[in-house]
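To keep things clear, I will list the structure first and then write my remarks on it.
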Amino acid sequence: QVDAVRVYVNSSSENLQYPVLFVVRQQKGVLSWQVPLIFRGLYQRTYNYQEVSRTLCPSEPTPETGPSDQIIFVDVSSMAPFNIAYELLVTRLENFQLETNKAFNFTASPSQPQYFLYKFPEDVDSVIIKVVSDAVYPCSVVSVQDIVCPVYDLDHNVEFNGVYQSMTKQASITVQRKDFPGGQFFVVFVIKPEDYACGGSVPSSIHGNVNRTWNLQRTKNLQVTIVPSIKKSVYVQAMFFSFLSFLSFYLGSVVVAFVHYISTDVKLTVPSGSVSIAGSGIMTSSHPITASTPEGSSYGAIDESSSSGGRQLSSPERGLPAGSDTDSSVEEESDFDTMPEIESDKNVIRTKVFLYLSDLSRKDRRIVSKKYKIYFWNIITIAVFYALPVIQLVITYQTVVNVTGNQDICYYNFLCAHPLGVLSAFNNILSNVGHMLLGFLFLLIVLRRDILHRRAMEMKDVYTLDYGIPKHFGLFYAMGIALMMEGVLSACYHVCPNYSNFQFDTSFMYMIAGLCMLKLYQTRHPDINASAYSAYASFAVVICLAVLGVVFGKNDMWFWVIFSMIHVVASLALSTQIYYMGRFKMDGPDSDWGIFRRAAMVLYTDCIQQCSRPMYMDRMVLLIVGNLVNWSFAIFGLVYRPRDFASYILGIFICNLLLYLAFYIIMKLRSSEKLLPIPLFCIVATAVVWAAALYFFFQTLSSWEETPAESREKNRPCILLGFFDDHDVWHFLSAAALFFSFLVLLTLDDDLDAVRRDKIPVF
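Take the sequence shown: its position 716, counting from 1, is numbered 724 in the working numbering, and each next residue is one higher.
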C-alpha cells in the first residue's frame, strides 16, 4: 500500500502584493505555491483563492528498507512588513490507491485538485478510466500521468504531461500497460476556473477591480471507476466478424451467378420472331428487324423512315468491325450534335407527347459507351488526388494526438474506442471495411455483365439489337469506385474525427447519391444524360457549399438566404431541362428581349393554355412534387438553420434520389412492366437495411459541432461483440444498404431484355 500526504493551508490575507509562500521539500522533489493562489482567465480576469490543498508526491516503501516514516519539510515565508495569520494542516490519505471495478467518490475545486494512484493487475493489459459527475459545471480536466514528481495538478500546467481530456458530466480514457513500463500511473483531476472551454458562457471583457474574483465556489463531486478493457481475443473476433460478414456476400453472389448460369444454359427460343435470349440476357436476332410506328404517337411524331434516315447519317460506322473503337474526340461530337438538320430532328423527336426508348437511344452505341466510361476514369483520378493528401493529413492528426496527449483534438466515442498500434479508435476504422469489400464485389458483378454483354454483341450485328435497355456500364463502374472510396475516406475521417476533416466522410456520399440519380435517368435517356465533366463539376460546387455551410451556416443569416435562393433556382433550372428533355434553350437568333419573349411564350403555352392538362403529365407530376420537396428543404433551412449542414445537404440528395426512384418504379408498374425476383428482393432488402441503418445513424455518439467535453456527454458503451458501437453498426448496415441499392439500379430493368426499344416508354 502506497502512503500519500495532503497539505491544507489557509490564510485570511487578501494582500496580493505580499502573498504567503509555501515550499514543501521531500525526498524526491519540491512543491511550492502561494496564498492567495491566483488563476488567470480570459480578458486578464483573475480568480483568487485563500484556501489551498495539495497532495504531495507519494513515497513507496522498498523491499530493502520496508515501511518507514516520511520526512517532510514545510517552509512558510512572506515579504510582508506585517504579520499574516495562516493555518497549516497535514493529513495522511486513507484511499490514495484506486482499485479495479470499484467506484470512488471525491470532491475537487480549482485550488484543491486531486490525484490518485492506480496499479495494473497482473492479468490486465488495458483499462478504461470512467469519470462521471451529476453536474455539468464547473468544467474539469482528467489527466493520466506517469509516476513522476512533481505531479502537474493545476490548471496552468496539467497539460504539460501525460494524456488529458476536458470534462463536463462524463469522461473516459483508455490506458494501456505498454505506455507505462512501471505498470502504474496517476489519475489527476483539475477544476478549471472558467467554463468556456467546456461550452459554458464566455466571461465579458470588464476592466478594473471587477475583474478580480475571490474564493469563487467551484466545487465538483466526481466518481471514478477503473475497469479492465477488452482482451486481444476480442480484436481477433471483431476482425473475423467484419470480414466474414461481407465475404458472405461474395458467396451469395457466386451462388446467384451459378444458378443464373444453369437456368440460362439452354437458350429459350421465341418462335414468332426467330428471336433468342442469350445466356447473358441480351437479345440476339437471326435477321434485321423492321420497326413500325410507335403506338400512341400524336402530332409531332415521326415515322420509322425518318428515324432510320437519321441513323443513315452515321452509316460509315457500319463498315467498322463490331468490336472496333476509335479514340477520336471528334467522333462523339459529330454523331448528331453538330449538324443543323439533326438539331431539327432532335426537336421533333424529343417533343413528342409519347416518347419511347428508341427515340432517345439513336446515337452510336460505342460513342455513348465511351462517353459514360469517362465517369469511371474521372472518378479514379479524383479519388487518387483526394485520398493521398487526406491520408497524409489524418496521419499528422493522429501523430499530434499521440505526442501531445491532447484527446480534445479528436471526437471519438471514448466509451467504445479501442486502440491498436498508433490508432486511437481502431473499431471505427475496421467497421468501414464493408464499403471497400462490397464496392469491389459490385465492380466484379458489373464486370461480369459487361463481359457477357460484349460476347453477345460479338455474335451478331450490333445494329440489329434494338431490344432492352442500352447497356452502358461506365456509371456502374464509377458507382463501385465511389462506394470503395467512401469506405477509405470514412476510415480516414474516423482516424481523428473533428471539425477540420468532416468533409472527408461526406464528399463521396454526395457523389454516390448524384451518380445514382444520373444512372437512373440515363437508363431511359441514354443520349441526353449529363456529361462526366458537368456532373463532377456540379459535385464540386456542392462540396464547396457544404464547407461554406459548416463555416458560415451557424449564425450568419445571409448565407442561408443565398443558399436557399441557389437551391430554388437550381431546382427550377433542372426541372426545366428534365421537362423539355434538354431541348429548352435560351438562345437563338433573337437577342436581348427575344430571350424573355421566348420564355414568356413557353410559360403561356404550357402553363396557361394547357393548365388543365400539361403536355407531359407524368413528368409534370414528378417535377411538381420534387420542387415542393426541395422548396420545403430550402424553407426549413432558412427558418431553423440546422447546425449539421453537411447532413442537411446529404438529406436533400437522398430525398431527391428516393423520390425519383419511387417515381421510376411506379411508372414502370404503370407501364405493365414487371419486377423480376432478383430486383424485387433487392428492393425489399434495401428498404429493410436502410431503415435499420438510419436507426443507428441517428444514435448520436459524438458531435464536433460542440466542445469536446459536451461531445463526450453523448458517448455510449459498445453494443456489438463488446467492440463496435452504434456508429460502427451504421457503417456495416449502410455499406450493405448501398450495395443492395446499386443492385436495384443494375437489375431493375432486366425484364425488358426481350422488349423492343420502340415499345419501351420513356419517363
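Backbone N, C-alpha and C fix where the C-beta goes; we use that ideal spot for every residue, glycine too.
Nearest residue (CA-CA) to residue i, options the options
i: Asp367; options: Trp385, Arg532 and Val559; result: Arg532
i: Cys418; options: His502, His480, Tyr383 and Tyr394; result: His502
i: Pro478; options: Ala543, Leu423 and Ser377; result: Ser377
i: Lys562; options: Met573, Val454, Glu713 and Leu431; result: Glu713
i: Ser40; options: Leu50, Ile234, Ile46 and Asp83; result: Asp83
i: Cys525; options: Leu582, Val569 and Val576; result: The residue you asked about is not Cys; residue 525 is Met in the sequence shown. For Met525, the nearest C-alpha among the options comes from Leu582.
i: Gln78; options: Lys36, Gln52 and Met87; result: Lys36
i: Leu401; options: Pro505, Ile390, Cys663 and Lys381; result: Pro505
i: Asn91; options: Trp222, Thr404 and Asn23; result: Asn23
i: Ala744; options: Ser710, Asn723 and Ala699; result: Ala699
i: Gln34; options: Arg48, Leu50, Phe81 and Lys200; result: Phe81
i: Ser679; options: Leu631, Leu630, Thr715 and Asp626; result: Asp626
i: His426; options: Phe47, Pro236 and Ala93; result: Pro236
i: Ala205; options: Ser174, Trp222, Phe188 and Ile686; result: Ser174
i: Leu446; options: Leu746, Leu438 and Val263; result: Leu746
i: Gly191; options: Ile632, Ser253, Glu130 and Arg374; result: Glu130
i: Pro158; options: Gln231, Val263, Val38 and Tyr269; result: Val38
i: Asn386; options: Leu756, Cys65, Met487 and Asn537; result: Met487
i: Asn414; options: Ser432, Val232 and Ala111; result: Ser432
i: Ser655; options: Lys722, Tyr672 and Val555; result: Val555
i: Ile399; options: Asn56, Leu483 and Asp513; result: Asp513
i: Asn638; options: Val263, Ser579 and Val156; result: Ser579
Through-space distance from residue j to residue i, alpha-carbon basis
i: Ile603; j: Ser250; result: Note that Ile603 scores a pLDDT of 45, beneath 50, so its modelled location is shaky and nothing firm can be said.
i: Gln511; j: Phe661; result: 15 Å
i: Ser508; j: Ser719; result: 16 Å
i: Gly304; j: Leu528; result: Note that Gly304 has pLDDT 38, beneath the 50 cutoff, so the model's placement of it is unreliable and the number below is only indicative. The straight-line gap from Cα to Cα measures roughly 24 Å.
i: Gln25; j: Val98; result: 27 Å
i: Gly522; j: Val576; result: 18 Å
i: Val734; j: Asn435; result: At residue 734 the sequence reads Asp, which differs from the Val that was named. If I take the Cα positions, the gap works out to 11 Å.
i: Arg651; j: Gln42; result: 45 Å
i: Val356; j: Arg764; result: Residue placement at Val356 cannot be trusted, given a pLDDT of 47 that sits under 50; the coordinates are not used to answer.
i: Met519; j: Ile727; result: 31 Å
i: Leu460; j: Ile489; result: 21 Å
i: Thr389; j: Phe128; result: 50 Å
i: Lys767; j: Leu365; result: 8 Å
i: Glu681; j: Tyr544; result: 33 Å
i: Phe692; j: Leu753; result: A quick correction: the sequence has Val, not Phe, at residue 692. Roughly 13 Å separates the two Cα atoms.
i: Val140; j: Val392; result: 44 Å
i: Pro716; j: Asp416; result: 5 Å
i: Phe266; j: Met444; result: 24 Å
i: Ile46; j: Phe124; result: 24 Å
i: Ile686; j: Ala642; result: 37 Å
i: Ser783; j: Pro189; result: Summary: the structure shown does not reach residue 783, with the chain confined to residues 9 through 771, and so no result is reported for it.
i: Phe484; j: Met517; result: 15 Å
Beta-carbon proximity of residue i to residue j, cut-off 8 Å
i: Thr115; j: Val144; result: no
i: Asp761; j: Gly429; result: no
i: Phe748; j: Cys690; result: yes
i: Ser572; j: Gly645; result: yes
i: Val152; j: Val166; result: no
i: Val15; j: Arg62; result: yes
i: Ile137; j: Ser180; result: yes
i: Phe450; j: Phe750; result: yes
i: Arg649; j: Trp568; result: yes
i: Asp133; j: Gln178; result: no
i: Val171; j: Leu101; result: no
i: Met628; j: Tyr668; result: no
i: Asp736; j: Ser439; result: yes
i: Leu741; j: Ala695; result: no
i: Val17; j: Val60; result: yes
CB-CB length for residue i against residue j, believed under 8 Å
i: Val441; j: Gly495; result: 7 Å
i: Asn113; j: Asn229; result: 7 Å
i: Leu684; j: Asp759; result: 5 Å
i: Ala548; j: Tyr383; result: Between Tyr383 and Ala548 the Cβ distance is about 14 Å, and since that is not below 8 Å, they are no contact.
i: Ala395; j: Met493; result: 7 Å
i: Leu50; j: Val210; result: 7 Å
i: Asp203; j: Pro121; result: In fact, because the Cβ distance is near 17 Å, the residues do not count as touching under 8 Å.
i: Phe732; j: Val242; result: So it is not a contact: roughly 10 Å between Cβ atoms.
request  = Kindly provide the ranges of any alpha helix (DSSP H) runs that are 4 or more residues long and lie completely inside the region 250-274, ordered along the chain.
outcome  = Look at the region 250-274 and you find no whole run of alpha helix (DSSP H) that is 4 residues long or longer.
inquiry  = Quick check on the DSSP output: what are the complete beta strand (DSSP E) runs of length 3 or more inside the region 626-657, in order along the chain?
reply    = Qualifying beta strand (DSSP E) stretches: none in this window.
query = Curious, which full-length beta strand (DSSP E) runs of at least 3 residues does the region 442-493 contain?
reply = Within the region 442-493, no complete beta strand (DSSP E) run reaches 3 residues.
message = Could you tell me which whole beta strand (DSSP E) segments of length 3 or greater appear in the region 68-122?
response = The region 68-122 contains these whole beta strand (DSSP E) runs: 81-85, 94-100 and 112-116.
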